[in-house]
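Asker: Shown below is the structure under consideration.
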Amino acid sequence: MAIVQNAAPRRATITQGHEADRRRQRLDRGNARWRSFASAHPRQGSGRRRELLEHQEPRVSVLSCADSRVPPELVFDQGLGDMFTTRSAGQVLDSSVLGTLVYGVDEFDTVLLVVLGHDSCGAVKAAIRAHRTGVLPPGHVGYLVGQVLDVVETVPEQETEKAFLDACVRANARSVAEQIREEPGLREAVEAGTMKVEPARYDLRRSRVEWLDDASRSGRGGEGVPAPRARGR
Ligand SMILES: [Zn+2]
């Protein structure tokens, strides 16, 4: 009987996994259009707006930095209702951001959650400054920078500051993705294989999104950065 009971969830998991891959390919195609200045601006017309009046089903969730140069709908060339997007400087998590992500997964049956960092990130630069000087900015900005600082402190020094900044950007996106995978409201979907969490890095100069776990899996791009320690909040 156990086989019968498990059959449906397993089928659902496989279907969801394929759907996550299919959605990621769609983002890749959108990013390819964006970087070759051939954006299609899909699903934004009057028909789509009418279609979404009563219902939305964004199966992709994106947590990105607030940086004005990295708007997710543009860099992935997606339309209305395609992505449930949350933004905070440095993709920093707090209760509101996590609550938003959990809400999206619960409400829209998310199959793919992208954590989108980017090169030349101001939040990461501020955390590196705090790392060098030992001084955090005051108030809410201090909270934000402090979250990224926890990651920066785990990253080995590199030959140049530019390389160190890039290593920190990569480590930060990976750390946020890992924290999301461990979040009680989201862990179940990750462990069941119904949702994939993918850290990514947007390159401003090339307009290109790079999937960071692909680089790790193929042995490229790891730069010897250790997995940042899990943080309490
Ligand atoms: Zn940023």
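So for the sequence shown, my numbering puts the first residue at 576; every next one is plus one. No residue lacks a Cβ here, since even glycine has one placed at the ideal position from N, Cα and C.
Please report the distance separating the alpha-carbon of A742 from that of E648.
Answerer: Between A742 and E648, the C-alpha separation is close to 25 Å.
Asker: For P633, which option in A702, G592, G654 and G768 has the closest C-alpha, if you only look at C-alpha atoms?
Answerer: P633 has its Cα closest to that of G654, out of A702, G592, G654 and G768.
Asker: Inspect the CB distances between the stretch 669-679 and the stretch 691-702 and report whether three or more fall short of 8 Å.
Answerer: The stretch 669-679 is not in contact with the stretch 691-702.
Asker: Output needed for V677: all residues of its chain with C-beta closer than 8 Å, excluding positions within five of it in sequence on either side, in chain order.
Answerer: Hits under 8 Å: E758, G760 and L761.
Asker: Look at the alpha carbon of V720 and the alpha carbon of R618, and state the distance between them as a whole number of angstroms.
Answerer: Taking the straight line joining both Cα atoms gives about 36 Å.
Asker: Assuming D740 and K700 are in contact, meaning their beta carbons sit under 8 Å apart, how far apart are those beta carbons, in whole angstroms?
Answerer: According to the sequence shown, residue 740 is Leu rather than Asp. Yes, they are in contact, since the Cβ atoms of L740 and K700 sit about 7 Å apart, within 8 Å.
Asker: Which one or two residues does DSSP pair with V771 in a beta bridge?
Answerer: First, the residue type needs correcting, since residue 771 is Lys and not Val in the sequence shown. Answer is L687.
Asker: Say whether chain E places a C-beta atom closer than 8 Å to the C-beta of E734.
Answerer: The structure shown contains no chain E; it is built from a single protein chain.
Asker: Measure the alpha-carbon distance for L628 versus G656 and round it to whole angstroms.
Answerer: So the two alpha carbons sit approximately 10 Å from each other.
Asker: Beta-carbon within less than 6 Å of V730's beta-carbon, same chain only, minus the 5 sequence neighbours each way: which residues are those?
Answerer: Excluding positions up to five away in sequence, the list reads A742, C743, A746 and V800.
Asker: Need the endpoints of the alpha helix (DSSP H) that E736 sits in, please.
Answerer: It spans E736 to E757 - the alpha helix (DSSP H) in which E736 sits, taken as one unbroken run.
Asker: Going by the DSSP bridge assignment, what does L638 pair with across the sheet?
Answerer: Note: L638 sits in a beta bridge opposite T661 and V690.
Asker: Exposed or buried, which one is R644 when buried takes at least 16 other CB atoms within 10 Å?
Answerer: Answer is exposed; the Cβ neighbour count stays below 16.
Asker: If the criterion is Cβ atoms closer than 8 Å, does the pair V667 and Q754 meet it?
Answerer: Not closer than 8 Å, so no.
Asker: What is the DSSP secondary structure of R780, reduced to helix, strand or coil?
Answerer: R780: coil per DSSP, three-state reduction.
Asker: Measure the C-alpha to C-alpha separation of A748 and R776 and round it to an integer number of angstroms.
Answerer: Using only the alpha carbons, I get a separation of about 7 Å.
Asker: Is it true that the CB of S750 sits closer than 8 Å to the CB of W609?
Answerer: Result no, Cβ atoms of W609 and S750 do not sit closer than 8 Å.
Asker: In terms of alpha-carbon separation, which member of D725, M658, V716 and G714 lies closest to R707?
Answerer: Of the listed residues, the one whose Cα sits closest to R707 is D725.
Asker: Which first and last residues belong to the alpha helix (DSSP H) in which G717 is found?
Answerer: That run of the alpha helix (DSSP H) goes G714 to V727.
Asker: Give me the residue from H630, V680 and A752 with the minimum Cα distance to F659.
Answerer: Among H630, V680 and A752, the Cα nearest to that of F659 is on V680.
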